[in-house]
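Below is one structure, written out as structure tokens; the observations come after it.
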Amino acid sequence: MPSASAAATASPNIALIKYWGNRDEALRLPSNGSISLTLAGLTCRTAVSFEADLPADVLTVNGAMETPAGTERVSRHLDLIRAQAGLRLPARVESQTDFPAATGLASSAAAFAALTLAAASAAGLDLPPRELSRLARRGSGSACRSIFGGYVEWRASDSDAQSIAEPLAPPDHWHLVDVVAIVSADPKAIGSTEGHRLAATSPLQASRVADAPRRLSLCREAILRRDFEGLAAVCELDSNWMHAVMLTSRPALIYWLPATLAVMHAVAELRRSGVPVFYTIDAGPNVHCLTPVEAHAAVAERLRAVVGVRQLLLAHPGGPAVLV
Ligand code: DP6
1227 MPSASAAATA SPNIALIKYW GNRDEALRLP SNGSISLTLA GLTCRTAVSF EADLPADVLT
1287 VNGAMETPAG TERVSRHLDL IRAQAGLRLP ARVESQTDFP AATGLASSAA AFAALTLAAA
1347 SAAGLDLPPR ELSRLARRGS GSACRSIFGG YVEWRASDSD AQSIAEPLAP PDHWHLVDVV
1407 AIVSADPKAI GSTEGHRLAA TSPLQASRVA DAPRRLSLCR EAILRRDFEG LAAVCELDSN
1467 WMHAVMLTSR PALIYWLPAT LAVMHAVAEL RRSGVPVFYT IDAGPNVHCL TPVEAHAAVA
1527 ERLRAVVGVR QLLLAHPGGP AVLV
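Residue numbering for the sequence shown follows this note's numbering, starting at 1227 and increasing by one per position.
See the structure below:
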């Protein structure tokens, strides 16, 4: 084995067409395909070393010991990589994020993309990006997209080997800025993994999944043509449809806060006044407002004035997961 330790960085991504619900939960095969933009400047750095004298896997996040449940999820992911490498050693995993403290943006996508690349390399596996994407997906679905930079599509498939992400366009294809309006930094009561399980209990999930190929193709075309209005229309529809599924699940998932809705209204108002911007919201209350780079200062100025917005983060298109 060339090396028993390695470190990697990866960035989170914002879903433009959302993954919500699995056709196979154990394999994390999604109900529908998704498209995202990898975000620069919000990095997760993870170091992995396989050590014979450790009694079990240990995981620290920003210097603190991870909870037993968090460590267990990482151990199960390491097991996949150990099995592929024919390795039995426990691992020490140290993960650092440079997201500004308490923004509620701790991203499993960045974490599992960095972990997969670092652990595979430390285990002596030299894997192509598509294989890293497949493995990262097993840890957290959206992590398969963070293996790549820029605009990325994750294709839905019944097959473990085929359900992987691939790049649609590099980061410099189109300079959009994600102005993230942080309205709460509290940890969410229901995480995505639990939320995916509830998706099928909504009467709106079947129609959302059935229409996904059409939205994916509109989104793909809008990105390739740099058609902002086309992208805005399909992305807001997709985000609203996912939240309609959440709101109509049993039990209902209500991620929005009053300030979430205030930001959605401010975005509509900005657009009426001629500023190109749209919102998209993941499984939480914070609002991602996408805008061409030329308009981002106007968007930030308006959103800063919305009551309930605690902080704004600016993220630009980012690169792939890399070994460091
Ligand atoms: C709403 O990838 O976080 O952000 O596979 O259980 O880790 P797990 O779920 P995760 O789900 C992401 C849900 C979403 C939409 C998206 O990123 O596509």
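Beta carbons: idealized from backbone N, C-alpha and C, even for Gly. Remember, it's a predicted structure, so these values are computed and weren't measured experimentally.
- Task: Go ahead and pull the three-state DSSP assignment for S1499.
- Result: Three-state DSSP puts S1499 in coil, outside helix and strand.
- Heavy atom of the ligand DP6 less than 7 Å from the Cβ of R1368, yes or no? Arg is not the amino acid found at residue 1368; the sequence shown has Ser there. Yes.
- Task: Compute the minimum distance between the beta carbon of A1335 and the heavy atoms of the ligand DP6, and state whether it is under 7 Å.
- Result: Relative to the non-hydrogen atoms of the ligand DP6, the Cβ of A1335 comes within a distance shorter than 7 Å of at least one.
- Just tell me which of G1367, R1314, D1250 has its CA closest to the CA of P1281. Checked all of G1367, R1314, D1250; the closest Cα to P1281 is R1314.
- Query: If you drop the 5 nearest sequence neighbours on each side, which residues of the same chain put their C-beta closer than 6 Å to that of T1286?
  - Reply: Counting only Cβ-Cβ distances below 6 Å, and skipping sequence neighbours, we find E1320.
- For the ligand DP6, any of its heavy atoms closer than 7 Å to the Cβ of S1301? Because no heavy atom of the ligand DP6 lies under 7 Å away, the Cβ of S1301 does not count as near it: no.
- Message: Can you look up F1454 in the DSSP assignment and give me helix, strand or coil?
- Response: Reduced to three states, the DSSP call for F1454 is helix.
- Residue environment, M1291, which counts as buried when at least 16 other CB atoms sit within 10 Å: Burial check for M1291: the Cβ neighbour count within 10 Å stays below 16, so the residue is exposed.
- Under 8 Å between the Cβ atoms of G1496 and V1489? Per the sequence shown, residue 1496 should be read as Leu rather than Gly. No, the Cβ-Cβ distance between L1496 and V1489 is not below 8 Å.
- Query: D1464: beta carbon under 7 Å from a heavy atom of the ligand DP6?
  - Reply: Not a single heavy atom of the ligand DP6 lies less than 7 Å from the C-beta of D1464.
- Item | Assumed close pair A1395, A1236 - CB separation to whole angstroms, cut-off 8 Å | Not a contact, Cβ separation roughly 19 Å.
- Contact between the segment 1403–1412 and the segment 1457–1464 (3+ Cβ pairs under 8 Å): Output reads no: the segment 1457–1464 does not touch the segment 1403–1412.
- Query: Got a sec: does the ligand SAH put a non-hydrogen atom nearer than 7 Å to the Cβ of W1246?
  - Reply: The ligand SAH is not part of the structure shown, which contains the ligand DP6 as its ligands.
- Collapsed DSSP secondary structure at R1441 in the structure displayed: Note: R1441 maps to helix in three-state DSSP.
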